[in-house]
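Heads up: the structure comes next, in structure tokens.
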Amino acid sequence: MTLLSNDISIERWTRSSRLMLAAMAAAIAVLALAPAFLGAGMIDRMTALFIYVILAAMWNALAGFGGLVSVGQQVFFGLGAYFTIRFADAGLNPFVALLVAAIVTGALSIPLSLFMLRLKGGEFAIGMWVVAELVHLLVNLDRLIQGETGTSLISLNVYDSATRRAIIYWLSLVAMTALLGTLFTLMRSRAGAAMQAIRDNEDAATSVGVRVIATKRLLFVLAAFGIAVAGGLWLAAATTFQPKTYFSVQWTAYMIFMVLVGGIGKFEGAILGAILFFVIETIFGGTGVWYLIGLGATAVLFSLYLPHGLWGEIERRFGLQLLPIGYRLTLPDLLKGKR
Amino acid sequence: ADDTIKVGFISPRTGPLGGFGETDGYVLELARKALAAGLQAGGKTWKVEILDQDTQSDPSRAGQLAKDLINNKGIDLMLVVSTPETINPVADACEAAGVPCLSTVMPWEAWYFGRGAKPGAPSPFKWTYHFGFGVGEFLKTYVSQWNLIETNKKVGVMYPNDADGNAIRAHLAPALSKAGFTIVDPGAYETGTTDFSAQIALFKQEGVEIFNSFPIPPDFAAFWRQAAQQGLTQQIKICQVAKTGLFPSDIESLGDLGVNISSAAYWHKAFPYKSTLTGVSGTELADGYEASSGKQWTQQLGASLSLLDAGFDALKASTDVKSKEAVAKAISTLKTTTIAGKVDFTSGPVANVSPGPVIGTQWVKAPEGSKFALDYVATENATDPNVPVSAKLIPYNG
Amino acid sequence: MSLLSIRDLDVRHGLLQAVRGVSFDITEGEVLALVGANGAGKTTLLRSIAGAHLPAAGQVFLGGQDITAVPSHKRIAMGIALVPEGRRLFSQMTVEENLLLGKTTGRKGDWTIERVFDAFPNLKPRRRAKTGHLSGGEQQATAIGRALMSNPDILLLDEVSLGLSPLVVDRVYTQLQALLSSGTTIVLVEQDLGRAMNVASRVICMLEGRVVLDRPATGVTRDEITNAYFGLHHRADEDRSAS
Amino acid sequence: MINTLLQGILLGGYYAVIACGLSFMFSVMRIINLAHGSLAVAAAYGLWLLASKFGISPFAGLLIILPVMAAFGWLLQRFVLERSASGGALLPILTTFGLAIVIDNLLFEQFGADTRSLAPFIGNLSYASWQLPGHIFVGKLAVMMMATAIIILGGLQFFLSRFALGRAIRATAEDPDTAGLVGIDARRVNATATAITMVTIGIAGAFLAMRATFSAYAGAPQLLFAFETAVIGGAGSLWGTLVGGIVLGLAQSLGAQLHPQGFLIGGHVVFLLVVFLRLFRSGMPAFGKIRAFLRSPA
Amino acid sequence: MQQRDQKGRPDEAFLSAKGIHKRFGALVVLENLDFSMGAGDAVGIVGPNGAGKTTLLSVLAGAFPPTAGTVTFDGADVTALSAADRCRSGLVRTHQIPKPFSGMTTFENVFVAASHSSAASRDEAYERVVDSLTLCGMLGVANRRADTLGLLDRKRLELARALATKPKLLLLDEIGGGLTDGEASELVDTILELRRRGIGIVWIEHIVHILLQVVERLICMDAGKIIANGEPKAVMRDAEVVKAYLGGTPA
Ligand SMILES: Nc1ncnc2c1ncn2[C@@H]1O[C@H](COP(=O)(O)OP(=O)(O)OP(=O)(O)O)[C@@H](O)[C@H]1O
Ligand SMILES: Nc1ncnc2c1ncn2[C@@H]1O[C@H](COP(=O)(O)OP(=O)(O)OP(=O)(O)O)[C@@H](O)[C@H]1O
Ligand SMILES: [Mg+2]
Ligand SMILES: [Mg+2]
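Residue numbers (the working numbering), protein chains in the order written: chain D, 177 to 515; chain B, 0 to 397; chain U, 1272 to 1514; chain Z, 211 to 508; chain F, 158 to 408.
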């Protein structure tokens, strides 16, 4: 909290939020040790969970914070995986390839943003989807990929299954922590405030000095990079790259679902949503079609009756804010009355 | 427990590929009946548990399921069937986790090279094995099938840009021209295309009389209707498709255009073999299914059962069913005859692969009074002479 | 007897209560000036009379009939028409189309497009123009015309002169005078006291959602009203009386 | 070459038909309906059911399906879209997205994985054609779709500009709150508009099923084509939709000419090109309107 | 005639716009318009609805480019600069229809402005936010979400946000519209305080008597042209102005 002249002060942290950060740090420390005591199955599932969290957080950053609703984020998921295969095939260690792939994808998203960010609303949402379809088709032209059949990251076969599983798990954990951290710091920075401003009213934001496109680009590129990492990790865990799977709009469907259920525009919401999605999938995933029907129905119901998601509801009910990105002005009593 | 063998069985039961898995319920039922008394292996009787899973036609889900079976259910052997979208992710998961895996029903080239193996180089796969047709079989079948009637030997081909398509284009097309056919290839197309005027124009201009394609059903339907619309079908004497036209529903949805389309079957109820696991014969299997489901038999019945046959033969043959190495070894040396014919891993074109037959067939109008609209008849048997030829090939436009 | 009567009306915007226990009656042919500071609740009150914003408590009676729960589109058929704050025209549609929309409920009466154009001659040449491209004055005229097309018994006018140039304000008020003579009952929200007092037969002043003054226009002085606002400021008044 | 162009244009007729419902809903209720494709497929299944189980010709079947669709549209608006639309522009996207998933999988649950088609039930119409000199074949169904597109779009255009209900719909689209103040029952009007949309979707579904095969999951690609058409044509302007369809159809056919895999690529590339040209030539009022419109949800 | 001799001399022109044209499709809104003012001046703009006042303001502030013409500010040609960059160089506008960041609190609204114009440090930004909130009497609602503010506070917020950007020149669009006399004179006091701080003012307002308390120069626009420009009382008496704008009642 910052104290200003005439003892007006600005608060950014609450006690609960400090506790929360500490708790999260502890949780991550524990998770880091998990491979020591969790079974292979659990480790694989946890890896999936971390990847879901990344996806949710990134889509939430774009739509919830930046007001950029995209139906085409799968393009970065697919590219992350594709470049991983490409670089691995070129002889890079698969895990190095994964990182390089994400960086390349992030870099590609910069020129892409030059065009896409000029689009608004529906145009952007659909435009991104078309871009995803287009990139998918272009990737299919690569002989290595074998069209829709795809190919496999067999260079991973050099690791024995246990080590390989552990490495992927840790990578996912690190990636998730790092991306969430970056996002949080970003949202608490001036840029973060600017992003919310843009979401609320772009013209007004411009006229008070916010460089709109540049600010949006920040989010766009971060999301591209983050989702590309997720794509690479997913590939590492699954080994098989099939363009149809990785460039499927279903990934965006999942992102939307997680964010919507958790609470759009809420940092904690995305995480909560991912965990919920993970649990639902773990429990009902086996029931096939009905599981998917359930997902769809849940999405509909939430959008109708809990549009701010679970976390939004929690915030409203208990005024709880674990990871605040806002500012509170506290006045000395003498000023309070006056207005 | 320790006296139980656990076998995973993954197939697409629902989703766009659901046609392949539609009959698995019945086949698994037969298998479980046969195994009720347990399995004799290494002088011991084992309880057998088959854990069957549905990929919902989703490759990434297929991978997840495989992991789950391996990590949480502790299976001793993985069986997986039908299409690269199902088999490759599962095989990869098994290769990664070191669990023996046996599969069938996809061109083995797409399975082997498609997963990154390099021609000439030693096989990169230690745990995964595949049996069934490949390009070589298609070549034999097509050459014999297409010589059954008089044509100008000009073949218009539509190979999609996927593993099957690329494998076929790379290996089959040249061989066909060696066999005296002129190949007219407009180039790979992307699945999901709904307008083929360009290709159709080319075929008409070249005056092709044979047509050959490896499309997914929707692509073929779109193409074939447009071909009819543009007057191409009138000049086609043989329409030879694979991957689509496997199941009655694909053909029925084409209406009149579907009649007399030729196809190739990796199993037919006329196959003269008995299931090593259940002892049923081809016709018994087909009739049994039609009786219990009221639906027409499909070639998948035999394919899925042959996978179970081969899998359990391997387990029987293995020195120690509980040792993954031993089971993998047993597969790599497996020599048996399933309901779908010979399986022999000792003499494959590449390690981990045992080629199998695929016979020429045709969809014809069913005779009066039969339960179903179409009849699926065997028209040649070059890849497995034991299979009786039941009908003469009819020209498509005849 | 009273044409419209409001009983203990409470209206909320979420947590914030904009109108608190307001009650009053309007009799046929009355011209009521509703004044008060920004945020006093005038717009909210008018909107809830028009049914655009349902109240949290209290009733609205029209000719003795309780219409508290009646939605806005039915109230027009009953003869209540609102000219909303900030015009709210359908900017993608032409002047003529906007006026035609006023006829939706098809109430009997002698207002026709032509008569509106006679009342606001400056609209006639722009009848085919999209209202989005009209100047503020023309927009205001169209908005009033649209309300008139439904032949209302009660016309609610919210800040008709807001953002209009003096010349246009004059024009609008001349038209209003014509209306008054036609005997329509009018509730008028206006910040410019001078103008309000000229046309009104009665003045109600609101403060923070409550009615703090309710008098016949003749029996009240500007100062009483400005006091009621709590915003009295003499320099401002002198300039005003100068103009 | 001429043949290619002709096929491309006729293909455009089909795209125009599947797009016009989307474009109408887009412009009238500001709703980006992601369930559009799935609803069309649902209608297709309805027709298929009538044809295969009760031997009702698809054209007669429409007389049953379209009213059902309309009724469904009414309910959908009343109980789902109305509520979600009140929550801002983002929400309907999410709602309809969920709806699409539900419909697709319910259909799958009902009808399984088999690919279906109405072609067998309309004689040889699906592939019958007139032969023109110079080996040019003009598909009868294609011509029929083009005609339908023109009729539907023209009809809607006329209805919106000439009829009181049409005006009411446009007014409600612009400002439902104020529409109430002029005596329009916004809920009724929107429900009616959705019903109309559903009818067009029903027709789209019929054509989808007549010209090719469909399965429970066939909705998404149709949705994408519809979107491209609507946006190229400038969602909002109905005639634009027809132009959009033709542009898309031509782009795809020409793409296929250039490269066998160029069919879809051609369409997507042209879509993006059009959108960006519009951005940079934004001086043009027509484009300005479209953009203003498309941006309004933001 | 007045036009000529009264125009601010170009050498000391702080803000100047030359030959401004603005078209929306076919509709010509600004026609070959010249405007200039010195540092710290206060200029009022009046004119009939649709005269092009807001459009002129938008062109000056860079909301959209003019169809033709150049804008120079503080000795630099800013025609090509975006609104954001002009704001950072000290040229800021408020909106006729308030545009708050509705999802954020009043404080955050103003903080965005403070931190994205020229604030060096976060604390400096804070100081500036508190200062402009105090000046506009909004401390009391600092933590309220902007979408719960009433019209008056929304207008105040527009002003506060603009102030927080540390402007050299403020472009105000009808911030006095619909205010009561009391509120109006509060507003006047605020603006006069800004003048004392040496901030230049361009103010569009229909309520002339408020305007006259602040500006020393008045411009009257009509149909995209400047029809009168000079000492306020004189402009108010100008026959053309009376005819086009004031109507029967000259000040
Ligand atoms: N984006 C736009 N597209 C088309 N026409 C526009 C646009 N913006 C303004 N106009 C037109 O330009 C003219 C001038 O508008 P402007 O807002 O500058 O007038 P003004 O002087 O501010 O009027 P007021 O005093 O009512 O605010 C008006 O006729 C208006 O309809
Ligand atoms: N849409 C809204 N959401 C939340 N609060 C609102 C809304 N509209 C108005 N209010 C609040 O209700 C109160 C009354 O507003 P209202 O507009 O009725 O006052 P008013 O007298 O019309 O003010 P003005 O003279 O500015 O029009 C104000 O305090 C305002 O903050
Ligand atoms: Mg008001
Ligand atoms: Mg203006």
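Glycine included, every Cβ here is placed at the ideal spot set by N, Cα and C.
What in chain F is Cβ-close to Gln372(D), meaning under 7 Å?
-> For the purposes of this step, residue 372(D) is identified with residue 196 of the first sequence, where counting begins at 1. Going along chain F in sequence order, the residues near Gln372(D) (Cβ under 7 Å) are Phe258, Gly260 and Met261.
For Ala303(F), is the beta carbon positioned less than 7 Å from some heavy atom of ligand 2?
-> The residue you call residue 303(F) lines up with position 146 of the fifth sequence. False, no ligand heavy atom lies under 7 Å from that Cβ.
Taking buried to mean at least 16 other C-beta atoms within 10 Å of its own C-beta, is Met211(Z) buried or exposed?
-> In the fourth sequence, the residue the question calls residue 211(Z) occupies position 1. Exposed, by the Cβ-count rule.
What span of residues does the beta strand (DSSP E) with Leu434(Z) cover, start to end?
-> Working through the fourth sequence from its first residue, we reach residue 434(Z) at position 224. No beta strand (DSSP E) holds Leu434(Z); the alpha helix (DSSP H) holding it covers Gly429 to Gly443.
Out of curiosity, what's the CA-to-CA distance linking Val286(F) and Arg245(F)?
-> Stepping through the fifth sequence from its first residue, residue 286(F) is reached at position 129. Stepping through the fifth sequence from its first residue, residue 245(F) is reached at position 88. About 16 Å.
Residue environment, Leu300(Z), which counts as buried when at least 16 other CB atoms sit within 10 Å = As a working mapping, residue 300(Z) is identified with position 90 in the fourth sequence. Burial call: buried.
Sort Tyr283(F), His252(F) and Thr251(F) by Cα distance to Ser185(D) and report the nearest one.
-> Position 9 of the first sequence holds residue 185(D). Per the Cα distances, Tyr283(F).
DSSP state of Tyr337(Z), grouped into three classes?
-> Start at 1 with the first residue of the fourth sequence, and residue 337(Z) comes out as number 127. Three-state result, Tyr337(Z): coil.
Enclosing alpha helix (DSSP H) for Ile429(D) [first to last residue] = Within the first sequence, numbered from 1, the residue matching residue 429(D) stands at position 253. In the sequence on display, residue 429(D) carries Ala and not Ile. Here the alpha helix (DSSP H) through Ala429(D) covers Val425 to Gly438.
Just the chain B side, please: which residues come within less than 9 Å of Ser339(Z) by C-beta, in chain order?
-> Walking along the fourth sequence from the start, residue 339(Z) turns up at place 129. The contacting residues are Ala227, Gln228, Gln229 and Gly230.
Buried or exposed (CB count within 10 angstroms, at least 16 for buried), Arg326(Z) | Within the fourth sequence, the letter at position 116 stands for residue 326(Z). Buried is the call here.
For Glu1368(U), the nearest candidate out of Ala401(Z), Leu232(Z), Leu474(Z) and Ala378(Z) (CA to CA) = Position 97 of the third sequence, counting from 1, holds the residue named residue 1368(U). Comparing Cα positions, the closest option is Ala378(Z).
Within 10 angstroms of its Cβ, does Gln233(B) collect 16 or more other Cβ (buried), or is it exposed?
-> Within the second sequence, numbered from 1, the residue matching residue 233(B) stands at position 234. It counts as exposed.
Within 6 Å of ligand 6: residues by beta-carbon to any heavy atom = Ligands in the displayed structure: ligand 1, ligand 2, ligand 3 and ligand 4; ligand 6 is not one of them.
Which of helix, strand or coil DSSP assigns to Gly347(B) | Here residue 347(B) refers to the residue found at position 348 when the second sequence is read from its first residue. In the structure shown, Gly347(B) sits in coil (DSSP, three-state: anything other than H, G, I, E or B).
For Ile312(D), is the classification buried or exposed, using 16 other Cβ atoms within 10 angstroms of its Cβ as the cut-off for buried?
-> Residue 312(D) sits at position 136 when you count from the first residue of the first sequence. Residue identity differs from the one stated: residue 312(D) is His in this sequence, not Ile. Buried, because 16 or more other Cβ atoms sit within 10 Å of the Cβ of His312(D).
Proximity winner among Pro287(D), Ala354(D) and Val276(D), relative to Arg262(D) (alpha-carbon distances) | Residue 262(D) sits at position 86 when you count from the first residue of the first sequence. The candidate whose alpha carbon is nearest that of Arg262(D) is Val276(D).
What residue range is occupied by the uninterrupted alpha helix (DSSP H) comprising Gly282(D)?
-> Stepping through the first sequence from its first residue, residue 282(D) is reached at position 106. Its alpha helix (DSSP H) spans residues Pro270 to Met292.
Could you tell me the boundaries of the beta strand (DSSP E) in which Lys179(F) lies?
-> Here the question's residue 179(F) lines up with position 22 in the fifth sequence. Here the beta strand (DSSP E) through Lys179(F) covers Ala170 to Phe181.
Three-way DSSP call (helix, strand, coil) for Pro343(Z) in this model = For the purposes of this step, residue 343(Z) is taken as residue 133 along the fourth sequence, with counting starting at 1. If DSSP states are grouped into helix, strand and coil, Pro343(Z) belongs with coil.
Residue interval of the beta strand (DSSP E) (run including Ile1351(U)) = If you number the third sequence from 1, residue 1351(U) lands on position 80. Ile1351(U) -> beta strand (DSSP E) spans Ile1351 to Val1354.
So what does DSSP say about His1284(U), is it helix, strand or coil?
-> Your numbering for residue 1284(U) matches position 13 in the third sequence. Reduced to three states, the DSSP call for His1284(U) is strand.
Verify the contact flag: Lys256(F), CB atom, against every heavy atom of ligand 2, threshold strictly below 7 Å.
-> Here residue 256(F) refers to the residue found at position 99 of the fifth sequence. Lys256(F) Cβ: outside cutoff for every heavy atom of ligand 2.
Check whether the Cβ of Thr263(F) sits closer than 7 Å to any heavy atom of ligand 2, and report yes or no.
-> Taking the fifth sequence and counting its residues from 1, one reaches residue 263(F) at position 106. No, Cβ of Thr263(F) sits at least 7 Å from all heavy atoms of ligand 2.
C-beta atoms of Phe423(D) and Ser328(D) nearer than 8 Å = Start at 1 with the first residue of the first sequence, and residue 423(D) comes out as number 247. Start at 1 with the first residue of the first sequence, and residue 328(D) comes out as number 152. In this structure, Ser328(D) does not lie closer than 8 Å to Phe423(D) by Cβ.
Looking at C-alpha atoms only, which residue of Asn259(B), Ala302(B), Ser261(B) and Ser262(B) is the closest neighbour of Ser280(B)?
-> Locating residue 280(B) in the second sequence gives position 281, counting from the first residue. Ranking the options by Cα distance to Ser280(B), first place goes to Ala302(B).
Whose Cβ in chain D lies nearer than 7 Å to the Cβ of Thr190(B)?
-> Taking the second sequence and counting its residues from 1, one reaches residue 190(B) at position 191. Neighbours of Thr190(B) on chain D, chain order: Glu324.
For Asn377(D) and chain F, any beta-carbon pair shorter than 8 Å?
-> On the first sequence, position 201 is the one that residue 377(D) refers to. It does; some Cβ of chain F falls within 8 Å.
Residues sharing a beta bridge with Asn386(F), DSSP = For this step, residue 386(F) is matched to residue 229 along the fifth sequence. Per DSSP, Ile376(F).
Which residues bound the alpha helix (DSSP H) around Gly297(F)?
-> To locate residue 297(F), count along the fifth sequence from 1; it is residue 140. Run containing Gly297(F): none; DSSP gives neither H nor E here.
Residues of chain F with CB under 9 Å from Thr1497(U), in chain order?
-> For the purposes of this step, residue 1497(U) is taken as the residue at position 226 of the third sequence. Within chain F, the residues near Thr1497(U) are Thr337, Asp338 and Gly339.
Ordered along the chain, which non-local residues of its own chain (more than five positions away) have a Cβ less than 8 Å from that of His345(Z)?
-> Taking the first residue of the fourth sequence as 1, we reach residue 345(Z) at position 135. Closer than 8 Å at Cβ, skipping near neighbours: Asn213.
Measure how close the beta-carbons of Ser331(B) and Ala40(B) come, nearest whole angstrom, since I'm counting them as under 8 Å.
-> Translated into the one-based positions of the second sequence, residue 331(B) becomes position 332. Translated into the one-based positions of the second sequence, residue 40(B) becomes position 41. Actually they are not in contact, since the Cβ atoms of Ser331(B) and Ala40(B) sit about 17 Å apart, beyond 8 Å.
How would you call Val334(D), buried or exposed, if buried means at least 16 neighbouring beta carbons within 10 angstroms?
-> Here residue 334(D) refers to the residue found at position 158 of the first sequence. Looking at its Cβ environment, which holds fewer than 16 other Cβ atoms inside 10 Å, Val334(D) is exposed.
DSSP on Phe130(B), reduced to helix/strand/coil?
-> Here residue 130(B) refers to the residue found at position 131 of the second sequence. In the structure shown, Phe130(B) sits in a strand (DSSP, three-state: E or B).
Run the proximity test for Ala341(F): is its beta-carbon closer than 7 Å to any non-hydrogen atom belonging to ligand 2?
-> Here residue 341(F) refers to the residue found at position 184 of the fifth sequence. Checking every heavy atom of ligand 2 against the Cβ of Ala341(F), none is found closer than 7 Å.
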